[in-house]
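The structure appears below as structure tokens.
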């Protein structure tokens, strides 16, 4: 009779509970195996030839009328502000953001920011500090920049805070200038003591640059399988979790903003009527993240620099036997800037605004080697967080990848 107890109400409950626990274990085990299989390093991670140029589908028949309209509106803002305040160097200010809605509102601002963010402010005490929240961002987009066509509508269309954060950092640095860093970017040295920036930027009264960028990815030989393994949309790229704009109204950032808005608009127009625009990891990287960011910078350089400029001649030379710079439908090589001059960059590379064609103004640019702001990676010849060249260490947590976290939240709460 004791054996029959298993089939009583309590026995059935225990059996169902056991099966439920086993199902959950098997579910997570299956996810783990799936993730492991997906993250297996390819046997042949490198191609025979490098690729120093990427072709984005969003630059195939772009909405040039809308982009020109955006650019004109932004130039009008620039002219109005500069007529009032002149072209003086903006005050030293650090910008960070906390846009994400969080249930932990009982926490203090310091607790929400975390130690990395607090260290950023403390190590640069001579800089002003601004923590941007959702309300400030809303007023900035809808009031301060209300004359930019479609900006508020597109900003509100984004389903996740990461998209708004991407766009906001470009807008803020374009309009105000200053230094932007993600709140999980930990300072190793004060900004003005960073060796790769100290002489070229802070040692000059007028460095003739409007933007300072760091390299994050530098793997032009990476195969398609290797790109898939790392979840890359480019074999190369500038990072955008740390950006410095020594001047207001960088033409480089203006073009970045124009493209982000234009590509967002196109993504919405091409989306399903029933489901609306969908964003995953790759579309985010492409539309608002480092993909569009890197392309815009290289294209502005290409449009602004003369054919005799070293960045152009190095790019053309590196394309020999590759053909990425050959114009479609012809055998003519385009005189443009590719990633080639930035590959294996060892020292800060600055291109002054005065080096542009007479009719062009790109604002000037400095590019930092990968080991200044992007250590701790397992690619691109990145060094460890303890590198003597490190000025910023980013934790690469990828907390913005909400599509990977949604299933955990639904199950675990």
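In the numbering used here, the protein residues as written are 963 to 1375.
We put the CB at the ideal spot given by N, CA and C, even for glycine.
Q: Return the first residue and the last residue of the alpha helix (DSSP H) that residue 1255 is part of.
A: Taking the chain shown and counting its residues from 1, one reaches residue 1255 at position 293. Segment 1252-1266, the alpha helix (DSSP H) holding residue 1255.
Q. Closest by CA to residue 1089, which one among 1155, 1098, 1249?
A. Counting from 1 along the chain shown, the entry for residue 1089 is found at position 127. With distances taken between Cα atoms, residue 1089 lies closest to 1155.
Q: Measure from the alpha carbon of residue 1303 to the alpha carbon of each residue in 1005, 1295, 1328, 1288, then state which is nearest.
A: Residue mapping note: residue 1303 aligns to position 341 of the chain shown, counting from 1. Of the candidates 1005, 1295, 1328, 1288, the one whose C-alpha sits nearest the C-alpha of residue 1303 is 1328.
**Q.** Distance between residue 1039 and residue 1029 (C-alpha atoms, nearest Å)
**A.** Within the chain shown, numbered from 1, the residue matching residue 1029 stands at position 67. Within the chain shown, numbered from 1, the residue matching residue 1039 stands at position 77. Each residue's alpha carbon lies about 16 Å from the other.
Q) How many angstroms separate the CA atom of residue 1294 from the CA atom of residue 1313? A) Walking along the chain shown from the start, residue 1294 turns up at place 332. Walking along the chain shown from the start, residue 1313 turns up at place 351. Residue 1294 and residue 1313: Cα-Cα distance of roughly 26 Å.
Q) Hey, quick one: how far does the beta strand (DSSP E) through residue 1047 stretch, first residue to last? A) For the purposes of this step, residue 1047 is taken as residue 85 along the chain shown, with counting starting at 1. Taken as a continuous stretch (DSSP letters only), residue 1047 belongs to no beta strand (DSSP E), being part of the alpha helix (DSSP H) at 1026-1047.
(Q) I need the straight-line Cα distance from residue 1347 to residue 1009, nearest angstrom please. (A) Position 385 of the chain shown, counted from the start, is the residue given in the question as residue 1347. Position 47 of the chain shown, counted from the start, is the residue given in the question as residue 1009. For residue 1347 and residue 1009, the distance between alpha carbons rounds to 29 Å.
Q) From residue 1054 to residue 1140, what distance separates their C-alpha atoms? A) Indexing the chain shown from 1 puts residue 1054 at position 92. Indexing the chain shown from 1 puts residue 1140 at position 178. When rounded, the distance between both Cα atoms is 6 Å.
Q. Since residue 1199 is in the alpha helix (DSSP H), which residue starts that stretch and which ends it?
A. Residue mapping note: residue 1199 aligns to position 237 of the chain shown, counting from 1. No alpha helix (DSSP H) contains residue 1199, which is instead part of the beta strand (DSSP E) from 1198-1200.
Q) In the DSSP assignment, what are the bridge partners of residue 1356? A) As a first step, residue 1356 must be located in the chain shown, where it is residue number 394. Per DSSP, 1147.
Q. Would residue 1128 pass as a contact of residue 1356 if the rule is Cβ separation under 8 Å?
A. Here residue 1128 refers to the residue found at position 166 when the chain shown is read from its first residue. Here residue 1356 refers to the residue found at position 394 when the chain shown is read from its first residue. No, they are not a contact pair.
Q: Starting from the Cα of residue 1057, find the closest Cα among 1143, 1075, 1078 and give me that residue.
A: As a first step, residue 1057 must be located in the chain shown, where it is residue number 95. Ranking the options by Cα distance to residue 1057, first place goes to 1143.
Q: Taking only the alpha-carbon atoms, compute the straight-line gap between residue 1333 and residue 1195 and give it to the nearest angstrom.
A: Translated into the one-based positions of the chain shown, residue 1333 becomes position 371. Translated into the one-based positions of the chain shown, residue 1195 becomes position 233. If I take the Cα positions, the gap works out to 21 Å.
Q. Going by DSSP, what residues sit across from residue 1058 in a beta bridge?
A. Indexing the chain shown from 1 puts residue 1058 at position 96. DSSP, once it has assigned bridges, lists 1093 as partnering residue 1058.
Q) Which two residues bound the contiguous beta strand (DSSP E) that contains residue 1206? A) In the chain shown, residue 1206 corresponds to position 244, counting from 1. Here the beta strand (DSSP E) through residue 1206 covers 1204-1207.
(Q) Check whether the segment 1307-1322 and the segment 1154-1168 touch, using three or more Cβ-Cβ pairs below 8 Å as the test. (A) yes
Q. How many Å lie between residue 1052 and residue 1174 at the Cα?
A. Position 90 of the chain shown, counted from the first residue, corresponds to residue 1052. Position 212 of the chain shown, counted from the first residue, corresponds to residue 1174. Spanning the two alpha carbons is a distance of roughly 15 Å.
(Q) With the cut-off set at 8 Å, would you say residue 1216 and residue 1033 are in Cβ contact? (A) Taking the chain shown and counting its residues from 1, one reaches residue 1216 at position 254. Taking the chain shown and counting its residues from 1, one reaches residue 1033 at position 71. Against a cut-off of 8 Å, the Cβ pair of residue 1033 and residue 1216 comes out as a contact.
Q. What are the boundary residues of the beta strand (DSSP E) that includes residue 1178?
A. Locating residue 1178 in the chain shown gives position 216, counting from the first residue. From DSSP, the beta strand (DSSP E) with residue 1178 extends over 1173-1180.
Q. Counting pairs of Cβ atoms below 8 Å between the segment 1314-1322 and the segment 1105-1122, do you hit three or more?
A. no
Q: Report the three-state DSSP secondary structure of residue 1118 (helix, strand or coil).
A: The residue given as residue 1118 occupies position 156 in the chain shown. Residue state, collapsed to three classes: helix.
Q: Could you give the DSSP three-state label for residue 1218: helix, strand or coil?
A: Start at 1 with the first residue of the chain shown, and residue 1218 comes out as number 256. Note: residue 1218 maps to helix in three-state DSSP.
Q) For residue 1137, does the three-state DSSP call read helix, strand or coil? A) Reading the chain shown from its first residue, position 175 is the one you call residue 1137. In this structure, residue 1137 counts as helix in the three-state DSSP scheme.
(Q) Measuring only the C-alpha atoms, how far is residue 1150 from residue 1352? (A) Here residue 1150 refers to the residue found at position 188 of the chain shown. Here residue 1352 refers to the residue found at position 390 of the chain shown. Their backbone Cα atoms lie some 6 Å apart in a straight line.
Q.
Cutting at 7 Å between CB atoms, please list the residues of its own chain near residue 1035, excluding the five before and the five after it.
A. Residue numbering aside, residue 1035 sits at position 73 when the chain shown is read from its first letter. So the list reads 1109, 1110, 1111, once near-sequence residues are dropped.
Q: Tell me whether residue 1093 counts as near the ligand SAM, meaning its Cβ is closer than 7 Å to at least one heavy atom of that ligand.
A: Looking at this structure, you won't find the ligand SAM or any other ligand, since it has none at all.
Q.
Using only the alpha-carbon positions, how far apart do residue 1298 and residue 1070 sit?
A. As a first step, residue 1298 must be located in the chain shown, where it is residue number 336. As a first step, residue 1070 must be located in the chain shown, where it is residue number 108. The alpha-carbon atoms of residue 1298 and residue 1070 are separated by roughly 50 Å.
Q | C-alpha gap between residue 1247 and residue 1176, whole angstroms | A | Within the chain shown, residue 1247 is the residue found at index 285, counting from 1. Within the chain shown, residue 1176 is the residue found at index 214, counting from 1. Near 17 Å, if we compare the C-alpha coordinates of residue 1176 and residue 1247.
Q) From 1124, 1300, 1262, pick the residue whose C-alpha is nearest to that of residue 1277; which is it? A) As a working mapping, residue 1277 is identified with position 315 in the chain shown. When each option's Cα is compared against that of residue 1277, the closest is 1300.
Q) Who pairs with residue 960 in a beta bridge, going by DSSP? A) There is simply no residue 960 to check, as the chain begins at 963 and stops at 1375 in what is shown.
Q) residue 1278 bridges to which residues according to DSSP? A) Numbered from 1 along the chain shown, position 316 holds the residue referred to as residue 1278. None; residue 1278 has no bridge partner.
Q. DSSP three-state call for residue 1234: helix, strand or coil?
A. For the purposes of this step, residue 1234 is taken as the residue at position 272 of the chain shown. Reduced to three states, the DSSP call for residue 1234 is strand.
Q) Using the C-alpha atoms, what's the distance from residue 1113 back to residue 1223? A) The residue you call residue 1223 lines up with position 261 of the chain shown. The residue you call residue 1113 lines up with position 151 of the chain shown. Going by the C-alpha atoms only, they are around 7 Å apart.
Q: In angstroms with no decimal places, state the Cα-to-Cα distance between residue 1256 and residue 1200.
A: Sequence index remark: in the chain shown, residue 1256 carries index 294 (1-based). Sequence index remark: in the chain shown, residue 1200 carries index 238 (1-based). Roughly 6 Å separates the two Cα atoms.
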